[in-house]
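Here is the structure we will look at.
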Amino acid sequence: MYTPHFKKIVREAVKLYRKELNADAFNVDVVYHSEEKEPISSSIGKAAMDIKITRRYLQAALNVYPCALTEWKRDGDEALREIIAHEIAHLETQHMFDVAVATYRDEGEMNDAWERLTTVLGRFLYNAAKRK
(Lines of atoms letter the chains of each structure in order from A and count residues from 1; the text may use other names and numbers.)
(Lines give C-alpha, C1' and ligand atoms only; values in the text may rest on other atoms or scores of the structure.)
Protein backbone atom coordinates (compact mmCIF):
# COMPACT_ATOMS: atom_id res chain seq x y z
CA MET A 1 0.00 0.00 0.00
CA TYR A 2 2.71 2.51 0.99
CA THR A 3 5.25 2.78 -1.82
CA PRO A 4 9.01 2.57 -1.26
CA HIS A 5 9.32 6.20 -2.45
CA PHE A 6 6.69 7.34 0.07
CA LYS A 7 8.46 5.48 2.90
CA LYS A 8 11.82 6.94 1.84
CA ILE A 9 10.44 10.48 2.03
CA VAL A 10 9.00 9.77 5.49
CA ARG A 11 12.24 8.21 6.77
CA GLU A 12 14.47 10.99 5.43
CA ALA A 13 12.15 13.78 6.61
CA VAL A 14 11.92 12.35 10.14
CA LYS A 15 15.71 12.18 10.33
CA LEU A 16 16.22 15.68 8.93
CA TYR A 17 13.58 17.41 11.06
CA ARG A 18 14.73 15.69 14.27
CA LYS A 19 18.22 16.98 13.54
CA GLU A 20 16.97 20.50 12.75
CA LEU A 21 15.19 20.62 16.13
CA ASN A 22 18.20 19.18 17.98
CA ALA A 23 15.83 16.38 18.97
CA ASP A 24 17.80 13.52 17.50
CA ALA A 25 18.07 11.94 20.97
CA PHE A 26 14.46 10.85 20.40
CA ASN A 27 13.91 7.43 18.88
CA VAL A 28 11.05 7.82 16.42
CA ASP A 29 9.44 4.65 15.14
CA VAL A 30 7.25 5.00 12.06
CA VAL A 31 4.09 2.89 12.13
CA TYR A 32 2.14 2.50 8.89
CA HIS A 33 -1.57 1.82 9.40
CA SER A 34 -3.93 0.18 6.92
CA GLU A 35 -7.05 1.83 8.40
CA GLU A 36 -7.91 5.49 8.85
CA LYS A 37 -7.93 7.07 12.28
CA GLU A 38 -11.32 8.22 13.52
CA PRO A 39 -11.70 12.03 13.28
CA ILE A 40 -11.51 13.88 16.62
CA SER A 41 -14.60 15.86 15.69
CA SER A 42 -16.90 16.35 12.72
CA SER A 43 -15.29 19.73 11.95
CA ILE A 44 -11.83 18.19 11.62
CA GLY A 45 -11.13 15.84 8.74
CA LYS A 46 -9.21 12.61 8.82
CA ALA A 47 -5.73 12.72 10.32
CA ALA A 48 -2.92 11.99 7.88
CA MET A 49 -0.52 11.34 10.77
CA ASP A 50 -0.17 11.69 14.50
CA ILE A 51 2.65 11.17 16.95
CA LYS A 52 2.61 9.59 20.39
CA ILE A 53 5.49 10.71 22.62
CA THR A 54 6.96 9.27 25.80
CA ARG A 55 9.19 12.13 26.93
CA ARG A 56 10.76 10.34 29.88
CA TYR A 57 12.30 7.70 27.61
CA LEU A 58 12.76 9.90 24.54
CA GLN A 59 10.55 7.60 22.48
CA ALA A 60 7.96 8.47 19.87
CA ALA A 61 5.75 6.63 17.42
CA LEU A 62 4.82 8.48 14.23
CA ASN A 63 1.55 6.94 13.06
CA VAL A 64 0.94 7.21 9.33
CA TYR A 65 -2.62 6.69 8.07
CA PRO A 66 -3.87 5.99 4.51
CA CYS A 67 -5.05 9.61 4.29
CA ALA A 68 -1.35 10.64 4.16
CA LEU A 69 -0.83 8.49 1.09
CA THR A 70 -3.90 10.02 -0.58
CA GLU A 71 -2.72 13.55 0.21
CA TRP A 72 0.79 12.76 -1.06
CA LYS A 73 -0.58 11.44 -4.37
CA ARG A 74 -2.72 14.57 -4.73
CA ASP A 75 -0.31 17.24 -3.41
CA GLY A 76 3.20 15.81 -3.85
CA ASP A 77 6.39 15.29 -1.85
CA GLU A 78 6.57 18.76 -0.33
CA ALA A 79 3.07 18.50 1.14
CA LEU A 80 4.06 15.21 2.77
CA ARG A 81 7.22 16.77 4.18
CA GLU A 82 5.20 19.63 5.68
CA ILE A 83 2.88 17.18 7.46
CA ILE A 84 5.90 15.33 8.86
CA ALA A 85 7.50 18.59 10.00
CA HIS A 86 4.32 19.40 11.93
CA GLU A 87 4.33 16.03 13.67
CA ILE A 88 8.05 16.12 14.49
CA ALA A 89 7.60 19.62 15.96
CA HIS A 90 5.44 17.95 18.62
CA LEU A 91 8.67 16.50 20.06
CA GLU A 92 9.42 19.99 21.33
CA THR A 93 5.89 21.10 22.20
CA GLN A 94 4.73 17.98 24.05
CA HIS A 95 6.12 19.08 27.41
CA MET A 96 4.27 22.40 27.25
CA PHE A 97 1.07 20.57 26.47
CA ASP A 98 1.54 18.05 29.28
CA VAL A 99 2.10 20.80 31.82
CA ALA A 100 -0.70 22.96 30.48
CA VAL A 101 -3.41 20.30 30.69
CA ALA A 102 -2.34 19.41 34.22
CA THR A 103 -3.60 22.82 35.44
CA TYR A 104 -7.08 24.28 35.85
CA ARG A 105 -7.18 25.39 32.21
CA ASP A 106 -9.76 24.05 29.78
CA GLU A 107 -8.17 21.30 27.68
CA GLY A 108 -9.82 22.52 24.46
CA GLU A 109 -8.34 25.98 24.90
CA MET A 110 -4.90 24.56 25.68
CA ASN A 111 -5.14 22.14 22.75
CA ASP A 112 -5.75 25.07 20.40
CA ALA A 113 -2.69 26.89 21.80
CA TRP A 114 -0.59 23.74 21.50
CA GLU A 115 -1.61 23.05 17.90
CA ARG A 116 -1.01 26.66 16.93
CA LEU A 117 2.50 26.61 18.41
CA THR A 118 3.18 23.27 16.74
CA THR A 119 1.99 24.59 13.38
CA VAL A 120 4.28 27.61 13.66
CA LEU A 121 7.25 25.45 14.63
CA GLY A 122 6.42 22.88 11.95
CA ARG A 123 6.36 25.53 9.24
CA PHE A 124 9.61 26.99 10.55
CA LEU A 125 11.24 23.57 10.56
CA TYR A 126 9.95 22.73 7.09
CA ASN A 127 11.17 26.03 5.61
CA ALA A 128 14.54 25.90 7.39
CA ALA A 129 15.24 22.41 6.09
CA LYS A 130 14.01 23.32 2.60
CA ARG A 131 16.65 26.09 2.38
CA LYS A 132 19.46 23.55 2.78
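The numbering of the sequence shown is our numbering, which starts it at 8 and goes up by one. Heads up, the beta-carbon is just placed ideally off N, CA and C, and yes, glycines get one too.
Nearest residue (CA-CA) to residue i, options the options
i	options	result
T126	A136, H40 and I91	I91
E31	K139, R81, E19 and D113	The amino acid occupying residue 31 in the given sequence is Asp; Glu does not appear at that position. The residue with the shortest Cα to Cα distance from D31 is E19.
H93	R138, K137 and D57	D57
R25	R88, A107 and D119	R88
Q66	T77, R138 and V37	V37
I60	C74, H40, A75 and H102	H102
H40	A75, P46 and P11	A75
Contact check, residue i vs residue j, beta carbons under 8 Å
i	j	result
V35	V17	no
A109	W121	no
Supposed close pair residue i, residue j - CB separation, criterion 8 Å
i	j	result
F104	M117	7 Å
R28	L98	A small correction: the amino acid at residue 28 is Leu; Arg does not occupy that position in the sequence shown. Confirmed, Cβ separation roughly 6 Å.
A4	Y72	The chain is shown only over 8 to 139; residue 4 falls outside these bounds and no answer can be derived.
C-alpha gap between residue i and residue j, whole angstroms
i	j	result
E43	W79	15 Å
K53	N70	13 Å
R63	G83	35 Å
A68	E114	23 Å
L136	T77	Correcting the residue type first, residue 136 is Ala in the shown sequence and not Leu. Roughly 24 Å separates the two Cα atoms.
M8	A86	19 Å
L124	T100	7 Å
Proximity test, residue i beta-carbon vs the ligand GTP heavy atom, cut-off 7 Å
i	result
I58	The ligand GTP is not part of this structure, which contains no ligands at all.
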